[in-house]
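Residue numbering for the sequence shown follows full-length UniProt numbering, starting at 1 and increasing by one per position. Quick reminder that beta carbons are idealized off the backbone N, C-alpha and C, glycines included.
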Amino acid sequence: MKKWYAVIGDPISHSLSPFMHESWFDEYDIDAAYLPIHVEPSQLEKSFEAMKTLGISGFNITLPHKQSIVPLLGKLEESAMQMNAVNTVNFDGTHYLGSNTDGDGFVRSMLAHSVGKASKVLLIGAGGAARGIACALKRAGFTDVTITNRTFRRAEELAAETGGTAVTLIESEERLAEFGVLIQTTSVGLATGEALPISLERVKAGTLVADIIYNPLETPFLKKAEEKNCITLNGVGMFVYQGAIAFEKWTGIQPNTEKMIQLITEKLGGTYVND
Ligand code: ATR
Numbered sequence: 001m002k003k004w005y006a007v008i009g010d011p012i013s014h015s016l017s018p019f020m021h022e023s024w025f026d027e028y029d030i031d032a033a034y035l036p037i038h039v040e041p042s043q044l045e046k047s048f049e050a051m052k053t054l055g056i057s058g059f060n061i062t063l064p065h066k067q068s069i070v071p072l073l074g075k076l077e078e079s080a081m082q083m084n085a086v087n088t089v090n091f092d093g094t095h096y097l098g099s100n101t102d103g104d105g106f107v108r109s110m111l112a113h114s115v116g117k118a119s120k121v122l123l124i125g126a127g128g129a130a131r132g133i134a135c136a137l138k139r140a141g142f143t144d145v146t147i148t149n150r151t152f153r154r155a156e157e158l159a160a161e162t163g164g165t166a167v168t169l170i171e172s173e174e175r176l177a178e179f180g181v182l183i184q185t186t187s188v189g190l191a192t193g194e195a196l197p198i199s200l201e202r203v204k205a206g207t208l209v210a211d212i213i214y215n216p217l218e219t220p221f222l223k224k225a226e227e228k229n230c231i232t233l234n235g236v237g238m239f240v241y242q243g244a245i246a247f248e249k250w251t252g253i254q255p256n257t258e259k260m261i262q263l264i265t266e267k268l269g270g271t272y273v274n275d
């Protein structure tokens, strides 16, 4: 019987998840559909009940529901418990199981760039996205993670929780040449013309500089990193790998991520270069 999946959010029409999952369903000859569903916050509980009644097999959750879905779910995986936020739900026959594949998605996109687990990593930001990545780095075995943030107290809290070290923005700028990997998780860069979250003056050439933002494909931060001869990684990889992990939970198949990164990059008006 045909299975159905969805992504719920408010707004939802811009989501690239339907394109991604339907392409994979086609590629692997799976009889399933994936729908974008606009759910306003006041309708979340009713909408989830309706999806359950209709027999949905799994769904993704995007803003603003990632946290408010948590109390509605029967079971949570560790990734979701650590973040108190869910982006993927899978019906295992009995329960609707919530997980959070964002952080692991980011780490997989980094590992695809041959980043070693002994790398010295600087995480910029201490919000929800940074927490997901810090937890995923720890689970993956990265042992040297430094966190910096505009509000230093939040960097300290996240470092204490994940076994990292906190430094101020100024200290991170001064010590920038020590790091082999920089991960930009703040919202600075979503709007053009914004300043960088930290100065990249002292970054070493060859450093892997990642930004979790994928629209624009090249944030001012990545542009600057490129000028400094760094290897850059935009947020398309994270987006595709978080979807790939969800797809794997639903179907047991590890989908083709390389081709999807290329397709999504092209959809966003970019040219894909595999470095
Ligand atoms: P998300 O869940 O997307 O990570 P968030 O929890 O609101 O969103 O976190 C936003 C992050 O971007 C925080 O690290 C925030 O820094 P503060 O903790 O100091 O607020 C950072 N951020 C947002 N705007 C910023 C700015 N203009 N300059 C520097 N950092 C900024």
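List the endpoints of the continuous beta strand (DSSP E) containing residue i.
i           : result
residue 36  : 32 to 38
residue 166 : 165 to 167
residue 121 : 121 to 124
residue 211 : 208 to 211
residue 98  : 96 to 99
residue 145 : 145 to 148
Less than 7 angstroms separating the Cβ of residue i from some heavy atom of the ligand ATR?
i           : result
residue 197 : yes
residue 105 : no
residue 136 : no
residue 188 : yes
residue 146 : no
residue 151 : yes
residue 129 : yes
residue 126 : yes
residue 154 : yes
residue 185 : yes
Less than 8 angstroms between the CB atoms is what I'm expecting for residue i and residue j, so what's the real figure, rounded?
i           : j           : result
residue 231 : residue 206 : 7 angstroms
residue 148 : residue 198 : 7 angstroms
residue 106 : residue 136 : 6 angstroms
residue 213 : residue 235 : 5 angstroms
residue 343 : residue 163 : Only positions 1 to 275 of the chain appear in this structure, which leaves residue 343 out of reach.
residue 95  : residue 243 : The Cβ separation is near 22 angstroms, so there is no contact.
residue 121 : residue 183 : 7 angstroms
residue 6   : residue 56  : 6 angstroms
Taking the beta carbon of residue i as the centre, do at least 16 other beta carbons fall within 10 Å, making it buried, or is it exposed?
i           : result
residue 36  : buried
residue 17  : buried
residue 229 : exposed
residue 255 : buried
residue 225 : buried
residue 265 : buried
residue 109 : buried
residue 66  : buried
residue 172 : buried
residue 216 : buried
residue 61  : buried
residue 58  : buried
residue 111 : exposed
residue 292 : Outside the shown range of the chain (1 to 275) lies residue 292, about which nothing can therefore be said.
residue 275 : Only weak support exists for where residue 275 lies, its pLDDT of 48 falling under 50; the coordinates are left without a value.
residue 159 : buried
residue 13  : exposed
Which residue marks the beginning of the alpha helix (DSSP H) containing residue i, and which one marks its end?
i           : result
residue 223 : 220 to 227
residue 184 : Note, residue 184: premise wrong, no alpha helix (DSSP H); beta strand (DSSP E) at 181 to 184.
residue 23  : 17 to 27
residue 52  : 44 to 54
residue 264 : 257 to 267
residue 214 : Careful: residue 214 lies outside any alpha helix (DSSP H) and carries neither H nor E.
residue 89  : From DSSP, residue 89 is part of no alpha helix (DSSP H) but of the beta strand (DSSP E) over 88 to 91.
residue 279 : The chain is shown only over 1 to 275; residue 279 falls outside these bounds and no answer can be derived.
residue 107 : 102 to 111
residue 233 : Counting along the chain, residue 233 falls outside any alpha helix (DSSP H), though it belongs to the beta strand (DSSP E) covering 231 to 233.
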